[in-house]
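Read the structure below first, then the notes.
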Amino acid sequence: ADGVGTAVAGIFGGLPNTSFSQNVGLISMTGVMSRHVVSIGAVFLIICGFIPLVGAIIRTVPINVLGGGVIVMFGMVAAAGVNMLSGVAWNRRNMLIFAVSLSIGFGLQLVPDALQHTPGWLKILLTSGLLPAAFLAIVLNLILPEDID
Numbered sequence: 123a124d125g126v127g128t129a130v131a132g133i134f135g136g137l138p139n140t141s142f143s144q145n146v147g148l149i150s151m152t153g154v155m156s157r158h159v160v161s162i163g164a165v166f167l168i169i170c171g172f173i174p175l176v177g178a179i180i181r182t183v184p185i186n187v188l189g190g191g192v193i194v195m196f197g198m199v200a201a202a203g204v205n206m207l208s209g210v211a212w213n214r215r216n217m218l219i220f221a222v223s224l225s226i227g228f229g230l231q232l233v234p235d236a237l238q239h240t241p242g243w244l245k246i247l248l249t250s251g252l253l254p255a256a257f258l259a260i261v262l263n264l265i266l267p268e269d270i271d
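The opening position of the sequence shown corresponds to residue 123 in our numbering, with each subsequent residue numbered one higher.
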């Protein structure tokens with residue numbers, strides 16, 4: 123739905139929609155899933171944008187406090203991902219797909235010199251680690267036989 127909305131917005135000259143994984147962490151942290159809370163937050167952000175004094179008050183929150191909140195929030199996102207993986211049937215095939223994809227994703231991220239001889243356009247695509255890991259997982263899922271055990 124997000125992709126279709128973004129495509130339609132692009133056709134009509136609008137801005138693309140984006141979904142944020144931070145919302146998963148916030149919902150896990152607070153247990154609140156009400157759209158009314160999101161609406162109140164949106165109104166608050168609009169007020170911060172139009173009344174500089176409110177934004178200045180928010181700015182007085184120490185960076186360490188904000189950093190602590192961000193660490194917990196992204197930890198919750200990671201925990202939600204691990205929770206999703208708990209529903210996977212962990213046979214040898216799925217473990218191989220997971221291990222190879224994760225290794226490539228982290229490896230390209232941590233050792234950027236591995237891409238030093240690739241063309242510039244390809245290096246841009248492979249540098250993040252997310253695209254090659256996802257692509258490799260999809261390809262391995264398609265080509266590895268189901269009965270690898």
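Positions of the beta carbon are idealized from the N, C-alpha and C atoms, including for glycine. Only a predicted model underlies this, so the values are computations on that prediction, with no experimental measurement involved.
Residue environment, residue i, which counts as buried when at least 16 other CB atoms sit within 10 Å
i: S223; result: buried
i: A256; result: exposed
i: P254; result: buried
i: L137; result: exposed
i: L207; result: exposed
i: L230; result: buried
i: G135; result: exposed
i: G242; result: exposed
i: G163; result: exposed
i: G125; result: exposed
i: G127; result: exposed
i: G227; result: buried
Identity of the residue in the options nearest residue i by Cα
i: I265; options: G136, L232, I219, P241; result: I219
i: L252; options: L232, H239, P241, N263; result: L232
i: V199; options: V261, N145, P267; result: N145
i: W212; options: I226, A131, E268, V130; result: E268
i: V221; options: L258, I193, P174; result: Note that residue 221 corresponds to Ala in the displayed sequence, not to Val. Of the candidates L258, I193, P174, the one whose C-alpha sits nearest the C-alpha of A221 is L258.
i: I260; options: K245, R215, L237; result: R215
For residue i, the three-state DSSP class (helix, strand or coil)
i: Q238; result: coil
i: A211; result: coil
i: T128; result: helix
i: V183; result: coil
i: N205; result: helix
i: L264; result: helix
i: S250; result: coil
i: I173; result: coil
i: V222; result: helix
i: V199; result: helix
i: V194; result: helix
is_contact[residue i, chain D] using C-beta, thresh 7 Å
i: I193; result: Looking for chain D here will not work: only one protein chain is present.
Count the CB pairs spanning the stretch 148 to 156 and the stretch 198 to 214 that are closer than 8 Å, and state whether there are at least three. Contact between the stretch 148 to 156 and the stretch 198 to 214 is present: 3 or more CB-CB pairs across the two stretches fall below 8 Å.
Sequence ranges, alpha helix (DSSP H) only - wholly within the stretch 129 to 164, length at least 4: Complete alpha helix (DSSP H) runs here, min 4: 144 to 152.
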